[in-house]
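First residue of the sequence shown? That's 2 in our numbering, and the numbers climb one at a time after it.
The beta-carbon is built from N, C-alpha and C at its ideal position, and this holds for glycine as well.
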Amino acid sequence: MSISSGQQPLQAYCGHWYHHDCLGPILQSPPFVHGCKACHVILHHPLWSTNVDELKRGHERAIRQAKELEEIADMF
Numbered sequence: 002m003s004i005s006s007g008q009q010p011l012q013a014y015c016g017h018w019y020h021h022d023c024l025g026p027i028l029q030s031p032p033f034v035h036g037c038k039a040c041h042v043i044l045h046h047p048l049w050s051t052n053v054d055e056l057k058r059g060h061e062r063a064i065r066q067a068k069e070l071e072e073i074a075d076m077f
């Protein structure tokens, strides 16, 4: 049995385990500093940046791109 990449377990610095597809959205969504659901320690993982300014820029970029795609779709 194989595990899809999104279901791959990842261990956060606090020691608790998350699915890749669960941890990523938590760490990349505002306010960008979240506590572990189990122990409430601030979540960190080396696959995602801890630089809040960088995360904000990435989030704003994703919102702009989604709006642009929506506008393009509305044209057709």
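DSSP places L11 inside the beta strand (DSSP E), whose first and last residues are 10–12.
Around the beta carbon of L44, a 10 Å sphere encloses 16 or more other beta carbons of the protein chains shown; the residue is thus reported as buried.
Taken in chain order, the unbroken stretches of beta strand (DSSP E) that lie wholly in the stretch 18–54 and span 3 residues or more are 18–20. The C-alpha of H20 lies about 19 angstroms from the C-alpha of P31. Counting only residues of its own chain and dropping the five nearest sequence neighbours on each side, H35 has a CB closer than 8 angstroms to the CB of I27, L28, I43, L44. Taking the Cα of Q8 as reference, the smallest distance to any Cα among I64, L24, E69 is reached at L24.
Note on geometry: alpha-carbon atoms of F77 and E71 lie some 10 angstroms from one another.
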